[in-house]
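First up is the structure itself, then whatever we jot down about it.
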Amino acid sequence: MSTALVATLPAIAFYCFVQGITPGPANLCSLATTMRYGIRPAMRQWLGLTLGFYVVSFAAVACAWGAGAFLQAAIPWVSVVGAGYILWLAWSMARPAEKAHAFEARPTVRAGFLLQVTNAKILVACVTALFSFVLPYTADLAVLLGVGLLLPVIGVSCNLVWIAAGARLQGFYEAHRRPVDLVMAASLAVCAAGMLASALGGGQ
Numbered sequence: 005m006s007t008a009l010v011a012t013l014p015a016i017a018f019y020c021f022v023q024g025i026t027p028g029p030a031n032l033c034s035l036a037t038t039m040r041y042g043i044r045p046a047m048r049q050w051l052g053l054t055l056g057f058y059v060v061s062f063a064a065v066a067c068a069w070g071a072g073a074f075l076q077a078a079i080p081w082v083s084v085v086g087a088g089y090i091l092w093l094a095w096s097m098a099r100p101a102e103k104a105h106a107f108e109a110r111p112t113v114r115a116g117f118l119l120q121v122t123n124a125k126i127l128v129a130c131v132t133a134l135f136s137f138v139l140p141y142t143a144d145l146a147v148l149l150g151v152g153l154l155l156p157v158i159g160v161s162c163n164l165v166w167i168a169a170g171a172r173l174q175g176f177y178e179a180h181r182r183p184v185d186l187v188m189a190a191s192l193a194v195c196a197a198g199m200l201a202s203a204l205g206g207g208q
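Residues 5 to 208, numbered by this note's numbering, are exactly what the sequence shown covers, in order.
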């Protein structure tokens, strides 16, 4: 590993931290899930988020190593599919409790996994980290895999902060359940709108 690449590792870590800690579909869903259901269901969902993040991260590694054109072309389609899924989550969250039914989103490992693999935010973040911070110095597969392992660790660790925040806000949520549900649903809808705008506008 070159000295120049080693010198960029703090920049990669800081970039991943900023990407991971800022609001996005996974963080907002984790916050809402913890407030609504508690820590244990949120951690089940977090496991799915973690697995999904690794799938996306290693897809980005494959992109950087040799399949770049294919994955870059797929990003807009991932954005569209992900926006649709996030809008469904928002709709599910916004429905009054008395209208809940079997198709309402539930905090499961599978739900977390589906959310993450359709989360264009982390796909773009992983691709950007590899193409901007690593490939200028090396295309060595071992290095790419090492960075691919690092990216999800930082991302899902930041996600735990949102779960902890949700746990602290459970009392507030119980006192203001309906307004909080609507605000969280609206926040997810804004995320979905941004993803659609990026996909339809052709920009990332």
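Think of the CB as a built atom: it goes at the ideal place given N, C-alpha and C, for glycine as much as any other residue.
Predicted model, so just to flag it, every value in this text is computed and none were measured.
In this structure, residue 29 and residue 37 do not form a Cβ contact; the two beta carbons are roughly 12 angstroms apart against a cut-off of 8 angstroms. With a beta-carbon spacing of about 17 angstroms, residue 24 and residue 198 fall beyond the 8 angstroms limit used to define contacts. Less than 8 angstroms divides the Cβ of residue 94 from the Cβ of residue 189. Here the C-alpha atom of residue 133 lies approximately 13 angstroms from the C-alpha atom of residue 63. Nearest Cα to residue 96 within the set 47, 200 and 182: 182. For residue 69, the CB contacts under 8 angstroms within the same chain, skipping 5 residues up- and downstream, are 143, 145 and 148 in chain order. Restricted to the region 104 to 165, the alpha helix (DSSP H) segments that are unbroken, complete and at least 4 residues in length are 113 to 121 and 124 to 133, listed in chain order. Taking 8 angstroms as the cut-off, the beta carbon of residue 163 is found closer than this to the beta carbon of residue 34. Residues of the same chain with a CB within less than 7 angstroms of the CB of residue 155, apart from the 5 flanking positions on each side, are 20, 61, 130 and 133 in chain order. In the DSSP assignment, residue 67 falls outside any alpha helix (DSSP H) and carries neither an H nor an E. Between residue 7 and residue 14, the alpha-carbon positions lie close to 13 angstroms from each other. Following the DSSP letters along the chain, one finds residue 29 inside the alpha helix (DSSP H) bounded by residues 29 to 41. In the three-state scheme derived from DSSP, where H, G and I count as helix and E and B as strand, residue 99 is classed as coil. Pairing residue 39 with residue 187 gives a Cβ-Cβ distance that is not under 8 angstroms.
Across the structure, residue 57 and residue 179 are spaced so that their CA atoms are roughly 33 angstroms apart. Ranked by how close their Cα comes to the Cα of residue 192, the residues 141, 139, 173 and 98 have 98 in first place.
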